[in-house]
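Undergrad: Going left to right, the sequence shown walks through residues 1 to 555 as UniProt numbering numbers them.
Quick one: structure below, then a few questions.
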Amino acid sequence: MEHNCRDRRKKCYRRRQGISCNFCVARGLDCVSALDRMSPSEKEDRVDARHTSKQGYEPLCSREDASAISIDAGLSAELVDLYFRYIHVASHNVFHRPSFTAAVQNGTIPKILFFGAAALCARFSTHASLADIDPRTRGRPYAQETERLLDLHDSSLTTIQACMLLGHISAVEGEPATESVFFSIACRMALILDLPNAAAATPLQRELNLRVWWSIVATDTWSSSALNIQRAISPQGDDTTIPMPMDERTFIGLQPDDEYEDTDEDQNGAVRSLSQPTSKTLQRPHFPKHSLIAQMIKLNQVLYRITCMNADVAAGRMQAVALEPTISSLSVCLDDWSGSLPPDMRNTPANLAYWAKLGFGRIFVILHLNYNYAAQLLFYQFLHWNQDADADGVDAYSSPSTTTAPPIAFASLYAQKCTSHAAALCALVYNARRHPDTDVSYSLVGHMLVIASTVQIYTLLFSADEDAIAAARDRLERNFEIITTLRQYWPCVDASLGRLRAFQNACLRCKEQSFQLDRWMLRFVLDYGQAIQNREEMDVTDEEGGIFHAGDLKI
């Protein structure tokens with residue numbers, strides 16, 4: 001039960017006289033001290049205003065249901081399970097499963113959030129009411145209703161969560177521009193609300209704010225890289241000042257009615273228990289090593305630097321003499337990240353089974369998929385350099401942006417690392433798909449497997465090792481089967497298959513240039529959401545016959 005500020009018998013602080021104190025603002029309570037200073041008419045107006053603002057978004061079960069979609073209890077329960085099985089964390093991390101599930105069951109979940117989740121997961125449903133509808137289109141009525149319900153005048157966590165859902169809906173429909181718009185709205189609103197530092201009435205609300213914030217930062221990194229635009233949120237400073245998400249096992253155990261032990265606040269309005277939490281609330285290190293999500297965030301920071309480096313190389317902004325130390329530094333970052341993982345987080349079959357038993361198997365798989373994908377991106381360009389060395393006995397690579405080429409051994413080592421990480425990524429997907437508790441079927445897997453498949457094509461084209469060629473051919477076949485299966489659910493996977501065909505066409509026309517990191521290749525490896533033209537159709541030559549336009553790419 002919430003008590004007002006008078007009941008707690010402690011001094012109140014407020015930003016200015018005549019308004020509610022910080023304690024009551026953080027909890028959405030009527031401040032007794034502020035009410036005492038109001039006239040009867042002002043009190044009546046305040047009550048009316050609070051009643052209106054508290055309504056916010058319409059709940060799933062309301063007396064005046066204006067939705068064109070009827071809600072079936074059995075289907076609702078299935079959709080919630082499917083959402084947390086296939087979508088949540090894989091695409092974003094913005095809900096607390098126990099409280100979300102309870103809110104759906106009692107009808108209090110905002111309708112916009114339920115429909116947004118349903119739009120993403122209905123494609124996996126086995127409910128009789130959806131049996132005759134193409135899985136790729138089942139979610140579209142829910143998506144349309146979600147967009148209709150969106151209220152940009154409501155600056156709230158719910159609106160941010162809804163925009164994240166709508167952004168991912170747009171992404172899987174192959175609409176990257178619309179995706180970026182929704183994500184940008186989420187970014188701006190999170191900045192306006194100062195989400196990671198916003199007052200929170202409960203430990204659960206505080207943790208949700210942090211998780212949504214970091215989910216926005218991660219999504220912004222992937223989306224902006226794909227579209228070659230500046231990020232909406234710059235993480236500089238945030239990495240050291242904003243706590244990362246707590247351990248998943250602790251988070252799942254939080255209850256909506258959990259309270260802080262000490263809820264006093266200072267003169268600046270900061271709730272003391274947020275900055276000095278007790279063991280019962282949020283006490284944890286700034287970087288919780290045993291949090292899978294925190295480890296994912298740390299890895300994402302390295303991925304961003306890799307993306308920037310690739311953009312610099314493709315745009316001609318990095319000389320070969322500077323490339324070696326940059327690659328070496330980023331390689332060390334990846335090695336340090338992997339080496340610092342707790343023993344139970346390392347990529348082993350036993351650990352996969354361990355996390356699956358706890359209910360977090362998919363998060364574990366996604367973490368290591370992202371690691372191997374990041375390493376692929378880091379070393380990918382060396383497939384081109386190494387093939388020249390293999391063909392001529394010297395490193396024959398040259399471009400307008402390089403004055404000296406790296407040593408042959410350097411190129412060979414990093415090319416081997418690329419093929420190794422591509423093989424590890426494929427093996428992880430294969431192993432995960434053997435078990436229902438670890439199967440990953442989100443749309444981005446299609447893009448990751450396409451990039452890994454091009455590495456297998458490299459082996460087929462340039463390797464003399466018969467065993468390696470046989471293994472690469474087997475991976476290509478299995479990857480194609482998985483991508484084809486994913487295509488049954490996700491429209492955006494059409495673009496992934498088209499990109500693979502475009503790459504194969506490029507190899508047929510000029511295999512020696514197939515892995516050269518130019519603007520076309522940068523789009524190929526980063527832009528996961530839309531089709532790509534054939535390489536020879538993209539004008540990437542400048543007046544002197546080089547491979548780059550004068551205009552720089554921006555990440």
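Beta carbons are placed, not taken as given, at the ideal position from N, Cα and C, and that holds for glycine.
#1: Secondary structure at residue 135, three-state DSSP: helix, strand or coil?
#2: Who are residue 110's beta bridge partners in DSSP?
#3: Report the three-state DSSP secondary structure of residue 92 (helix, strand or coil).
#4: Report back the beta-carbon spacing between residue 288 and residue 345 to the nearest angstrom; my notes put them in contact at under 8 angstroms.
#5: Output the distance between the C-alpha atoms of residue 166 and residue 484, rounded to the nearest integer angstrom.
#6: I'd like the list of long-range same chain contacts for residue 50, defined as Cβ closer than 6 angstroms, with 5 residues on each side in sequence excluded.
#7: Could you tell me which of 290, 96, 331, 216 sits nearest to residue 355, measuring between CA atoms?
#8: Out of 471, 349, 450, 452, state which residue places its alpha-carbon closest to the alpha-carbon of residue 434.
#9: Can you tell me whether residue 258 is helix, strand or coil according to DSSP?
#10: If I follow the unbroken alpha helix (DSSP H) through residue 296, where does it start and stop?
#11: Using a Cβ-Cβ cutoff of less than 6 angstroms, which residues in the same chain neighbour residue 84 once the five nearest sequence positions on both sides are dropped?
#12: What would DSSP say about residue 337, mapped onto helix, strand or coil?
#13: Would you call residue 319 buried or exposed, if buried means 16 or more other Cβ atoms sit within 10 Å of its Cβ?
#14: Under 9 angstroms between the Cβ atoms of residue 143 and residue 104?
#15: Would you check if there are 3 or more beta carbon pairs closer than 8 angstroms linking the region 241-257 to the region 104-124?
#16: Go ahead and pull the three-state DSSP assignment for residue 152.
#17: Cα separation between residue 75 and residue 334?
#18: Using only the alpha-carbon positions, how far apart do residue 185 and residue 160 sit?
#19: Let's see if you can read the secondary structure: which residues bound the alpha helix (DSSP H) around residue 80?
#20: Ordered along the chain, which non-local residues of its own chain (more than five positions away) have a Cβ less than 8 angstroms from that of residue 428?
#21: Please classify residue 321: is it buried, with 16 or more other beta-carbons within 10 angstroms of its beta-carbon, or exposed?
#22: Classify residue 198 as helix, strand or coil using the three-state DSSP reduction.
#23: Looking at the structure shown, is residue 463 part of a helix, part of a strand, or coil, going by DSSP?
#24: Could you pull the start and end residues of the alpha helix (DSSP H) that residue 375 belongs to?
#25: Going straight from the alpha carbon of residue 442 to that of residue 195, what length do you get?
#26: Ignore the nearest five residues each way along the sequence and tell me which others in residue 312's own chain have a CB closer than 7 angstroms to its CB.
#27: Can you tell me whether residue 228 is helix, strand or coil according to DSSP?
#28: Need the endpoints of the alpha helix (DSSP H) that residue 351 sits in, please.
#29: Given residue 107, which residues of its chain have a CB within under 7 angstroms of its CB, disregarding the five upstream and five downstream residues?
#30: Please work out which residues of its chain come closer than 7 angstroms, Cβ to Cβ, to residue 220, disregarding the five sequence neighbours upstream and downstream, and give them in chain order.
#31: Is residue 211 near residue 302, with beta carbons less than 9 angstroms apart?
#32: Name the residue from 353, 146, 171, 341 whose alpha carbon lies nearest to the alpha carbon of residue 162.
#33: Answer with buried or exposed for residue 477, where buried requires no fewer than 16 other C-beta atoms within 10 angstroms of its C-beta.
#34: Span of the alpha helix (DSSP H) holding residue 440?
#35: Quick check: residue 556 and residue 360, are their CB atoms within less than 9 angstroms of each other?
#36: What are the start and end residues of the alpha helix (DSSP H) that includes residue 317?
TA: Quick look at the numbers:
#1: Along the sequence shown, read from residue 1 onward, the residue named residue 135 stands at position 135. Coil, per DSSP.
#2: Reading the sequence shown from its first residue, position 110 is the one you call residue 110. Looking at the DSSP assignment, residue 110 forms a beta bridge with 59.
#3: On the sequence shown, residue 92 is found 92 positions in, with the first residue counted as 1. In this structure, residue 92 counts as strand in the three-state DSSP scheme.
#4: One-based indexing of the sequence shown puts residue 288 at position 288. One-based indexing of the sequence shown puts residue 345 at position 345. Not really, about 12 angstroms apart at Cβ, beyond 8 angstroms.
#5: Residue 166 sits at position 166 when you count from the first residue of the sequence shown. Residue 484 sits at position 484 when you count from the first residue of the sequence shown. One C-alpha to the other measures close to 25 angstroms.
#6: Your numbering for residue 50 matches position 50 in the sequence shown. For residue 50, the predicted structure reports a pLDDT of 38, less than 50, and the residue's modelled location is therefore unreliable. The matter cannot be settled from this model.
#7: Sequence index remark: in the sequence shown, residue 355 carries index 355 (1-based). For the residues 290, 96, 331, 216, the minimum Cα distance to residue 355 belongs to 290.
#8: Position 434 of the sequence shown holds residue 434. Looking at the Cα atoms, 349 is the closest of the given residues.
#9: Walking along the sequence shown from the start, residue 258 turns up at place 258. DSSP places residue 258 in coil when its eight states are reduced to three.
#10: One-based indexing of the sequence shown puts residue 296 at position 296. Counting along the chain, the alpha helix (DSSP H) containing residue 296 begins and ends at 292-314.
#11: The sequence position of residue 84 within the sequence shown is 84, counting from 1. Contacts found: 97.
#12: Residue numbering aside, residue 337 sits at position 337 when the sequence shown is read from its first letter. Helix, per DSSP.
#13: Within the sequence shown, residue 319 is the residue found at index 319, counting from 1. Exposed.
#14: As a working mapping, residue 143 is identified with position 143 in the sequence shown. As a working mapping, residue 104 is identified with position 104 in the sequence shown. In this structure, residue 104 does not lie closer than 9 angstroms to residue 143 by Cβ.
#15: no
#16: Counted from its first residue, the sequence shown places residue 152 at position 152. Reduced to three states, the DSSP call for residue 152 is coil.
#17: In the sequence shown, residue 75 corresponds to position 75, counting from 1. In the sequence shown, residue 334 corresponds to position 334, counting from 1. Distance between the alpha carbons of residue 75 and residue 334: 43 angstroms.
#18: Here residue 185 is taken as the residue at index 185 of the sequence shown, counted from 1. Here residue 160 is taken as the residue at index 160 of the sequence shown, counted from 1. Distance between the alpha carbons of residue 185 and residue 160: 8 angstroms.
#19: One-based indexing of the sequence shown puts residue 80 at position 80. Per DSSP, residue 80 belongs to the alpha helix (DSSP H) from 73-82.
#20: Against the sequence shown, residue 428 aligns to sequence position 428. These residues qualify, in order along the chain: 347, 365, 368, 369, 372.
#21: On the sequence shown, residue 321 is found 321 positions in, with the first residue counted as 1. By the 10 Å Cβ count, residue 321 comes out exposed.
#22: Along the sequence shown, one-based indexing puts residue 198 at 198. Coil, per DSSP.
#23: Walking along the sequence shown from the start, residue 463 turns up at place 463. Coil.
#24: In the sequence shown, residue 375 corresponds to position 375, counting from 1. Segment 361-379, the alpha helix (DSSP H) holding residue 375.
#25: Here residue 442 corresponds to residue number 442 of the sequence shown, with the count starting at 1. Here residue 195 corresponds to residue number 195 of the sequence shown, with the count starting at 1. Residue 442 and residue 195: Cα-Cα distance of roughly 27 angstroms.
#26: Numbered from 1 along the sequence shown, position 312 holds the residue referred to as residue 312. Same-chain partners within the cutoff: 318.
#27: By 1-based counting over the sequence shown, the position of residue 228 is 228. Coil at residue 228, not helix or strand.
#28: Indexing the sequence shown from 1 puts residue 351 at position 351. Per DSSP, residue 351 belongs to the alpha helix (DSSP H) from 349-358.
#29: Taking the sequence shown and counting its residues from 1, the one referred to as residue 107 is at position 107. Within the same chain, residue 107 has close Cβ partners 59, 60, 61.
#30: For the purposes of this step, residue 220 is taken as residue 220 along the sequence shown, with counting starting at 1. Here the set comprises 183, 187, 231, 232, 233.
#31: Walking along the sequence shown from the start, residue 211 turns up at place 211. Walking along the sequence shown from the start, residue 302 turns up at place 302. No, the pair does not count as a contact, with Cβ atoms beyond the cut-off.
#32: Position 162 of the sequence shown, counting from 1, holds the residue named residue 162. That would be 146, whose Cα lies nearest to the Cα of residue 162.
#33: Position 477 of the sequence shown, counted from the first residue, corresponds to residue 477. With fewer than 16 Cβ atoms within 10 Å of its Cβ, residue 477 is classed as exposed.
#34: As a working mapping, residue 440 is identified with position 440 in the sequence shown. It is not in any alpha helix (DSSP H) - residue 440 carries neither H nor E in the DSSP assignment.
#35: This structure cannot settle anything about residue 556, because the visible part of the chain is limited to 1 through 555.
#36: For this step, residue 317 is matched to residue 317 along the sequence shown. Counting along the chain, residue 317 falls outside any alpha helix (DSSP H), and DSSP gives it neither H nor E.
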